[in-house]
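Chains as they are written, first to last, in the working numbering: chain H, -12 to 105; chain G, -12 to 105. The structure appears right after this line, and notes come after that.
Protein chains: 2
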Amino acid sequence: MTLPHPNTDQISLPIVLGVLGDPTRLAIVRYLASKEGVPLNCSQFLDLGSKTNLSYHLAKLREAGVTRAEVVGTNRMITLRRADLDARFPGLLDSVIAASADDPALPAVGGHDLEVTA
Amino acid sequence: MTLPHPNTDQISLPIVLGVLGDPTRLAIVRYLASKEGVPLNCSQFLDLGSKTNLSYHLAKLREAGVTRAEVVGTNRMITLRRADLDARFPGLLDSVIAASADDPALPAVGGHDLEVTA
DNA sequence: TCCTTAGTTCAAAAGTTATTGAACAATTGG
DNA sequence: CCAATTGTTCAATAACTTTTGAACTAAGGA
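Here you go:
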């Protein structure tokens, strides 16, 4: 039960940009970046939409090569593909994350500030 | 006859990313970046689509704050809003342009290489 | 003034993306 | 085995985006 992911060299710039051009998905990426190293399961994101809708957005991110999802039991552990994105599009992810960090219009995950101690 | 543009602080990250997530518009931005300082009119881009369709894509870019269009006679002179984008989203435009420079899947403007002498 | 050039606007059609709920599958724990 | 948990898939719908052609506006030159 492994899920399909593009290889690094199959990651496409317009597709990545298009996928990030959605507030829900940008919020997911921003949250993943703030918890880098910690694999998160889908239910962490339920603030951002219904379970079905998140499944859709997380699949878009995965298919674009922005995230990686590993099946662990009944969970999908989701991580940012930072190294792959940095290799393919140097500086892009950093600038997107930095810019998203001070965007008050983006939905928040957790209903609390990202700086709250974990 | 001035066209509507967002102020710098009204430029939105998801909207900019969404607008750049289209091969035609990315090709326009890439070409504008390669000719920075030289204002271009719309007909420069006719390789990328019909006049009507380009009017649509150029309006999207302008409304998102990515380009500026100035009316000069019967022409619209189009420039990249690099300073505004750099101020709002540091590093973003540079990384997008650098990444788009080596994307063979993007349509080309002019039917010749961008490095051809002007 | 009349014609041309440059680009917009409008309405329709076609295509794509987002959202929902109900049903499904896979794993884990009792 | 049974039930709960986690997440997917499917079909429907709603909403948006892209593309087109015909009609239009505005400026400039003959």
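Beta carbons: idealized from backbone N, C-alpha and C, even for Gly.
Self-check item: Same chain, Cβ closer than 8 Å to ARG63 (chain G), five either side skipped, listed in chain order
Solution: LEU(-10), ASN28, CYS29, LEU45, ALA56, GLU57
Exercise. Please confirm if PRO94 (chain H) has its CB atom under 7 Å from at least one CB of chain G.
Key: no
Quiz item: How do the region 7 to 22 of chain H and the region 32 to 47 of chain H stand: do at least 3 beta-carbon pairs fall below 8 Å, yes or no?
Solution: yes
Quiz prompt | Reference VAL156 (chain H); option with closest CA among H:ASP71, H:THR66, H:GLY36 | solution = Here chain H comprises residues numbered -12 to 105, so residue 156 (chain H) is not present and cannot be evaluated.
Quiz item: How many angstroms separate the CA atom of ARG17 (chain H) from the CA atom of THR61 (chain G)?
Solution: 44 Å
Quiz item: Is there a Cβ from chain H that is less than 7 Å from the Cβ of PRO10 (chain G)?
Solution: yes
Quiz prompt | Sequence ranges, alpha helix (DSSP H) only - wholly within the region 1 to 64 of chain H, length at least 4 | solution = 10 to 21, 38 to 51
Quiz item: For SER(-1) (chain H), which residues of its own chain have a beta-carbon under 6 Å away from its beta-carbon, when the five flanking residues on both sides are left out?
Solution: none
Practice problem: Consider the Cβ of PRO91 (chain G): report whether some Cβ of chain H lies at a distance smaller than 7 Å. | Solution: no
Quiz prompt | For SER82 (chain G) and PRO77 (chain H), believed in contact at Cβ under 8 Å, the rounded distance | solution = 6 Å
Self-check item: chain G contact for ALA86 (chain H) (CB, 7 Å cutoff)
Solution: yes
Self-check item: Integer-rounded CB distance, given that LEU35 (chain H) should sit under 8 Å from PRO94 (chain H)
Solution: 6 Å
Self-check item: Which residues DSSP lists as bridging LEU67 (chain G), in chain order
Solution: G:THR54
Quiz item: If you drop the 5 nearest sequence neighbours on each side, which residues of the same chain put their C-beta closer than 8 Å to that of LEU7 (chain G)?
Solution: LEU13, VAL16, VAL53, VAL83
Practice problem: Put GLU102 (chain G) into one of helix, strand or coil per three-state DSSP. | Solution: Below a pLDDT of 50, predicted positions are generally treated as unreliable, and GLU102 (chain G), at 40, falls in that range; no measurement from the model is reported.
Self-check item: CB contact below 7 Å: SER82 (chain G) versus chain H
Solution: yes
Practice problem: Have a look at H:ARG68, H:GLN31, H:LEU33, H:ARG75 and flag the residue whose alpha-carbon is nearest the alpha-carbon of ALA85 (chain G). | Solution: H:ARG75
Quiz item: Taking the alpha-carbon positions, what's the HIS99 (chain H) to SER42 (chain G) distance?
Solution: Confidence at HIS99 (chain H) is low in this model, with a pLDDT of 42, below 50, so its placement is unreliable and the value that follows should be read with caution. Each residue's Cα considered, the two are about 43 Å apart.
Quiz item: Roughly how many angstroms separate the alpha carbons of HIS(-8) (chain G) and ALA51 (chain G), rounded to a whole number?
Solution: 8 Å
Quiz item: At a Cβ threshold of 7 Å, is PHE76 (chain H) touching chain G?
Solution: yes
Quiz item: Do ASP73 (chain H) and THR(-5) (chain H) have their C-beta atoms closer together than 7 Å?
Solution: no
Quiz item: Taking just the CA atoms, how far does LEU19 (chain G) sit from LEU109 (chain G)?
Solution: Residue numbering for chain G in the displayed model covers -12 to 105; residue 109 (chain G) lies beyond these limits and cannot be assessed.
Quiz item: Going straight from the alpha carbon of ASP90 (chain H) to that of LEU79 (chain G), what length do you get?
Solution: 15 Å
Quiz item: Exposed or buried, ALA105 (chain H), counting other C-beta atoms within 10 Å across all chains shown (16 or more means buried)?
Solution: Because the pLDDT at ALA105 (chain H) is just 30, under 50, the model does not fix this residue reliably, and the value given afterwards should be weighed accordingly. ALA105 (chain H) is exposed by the Cβ-count criterion.
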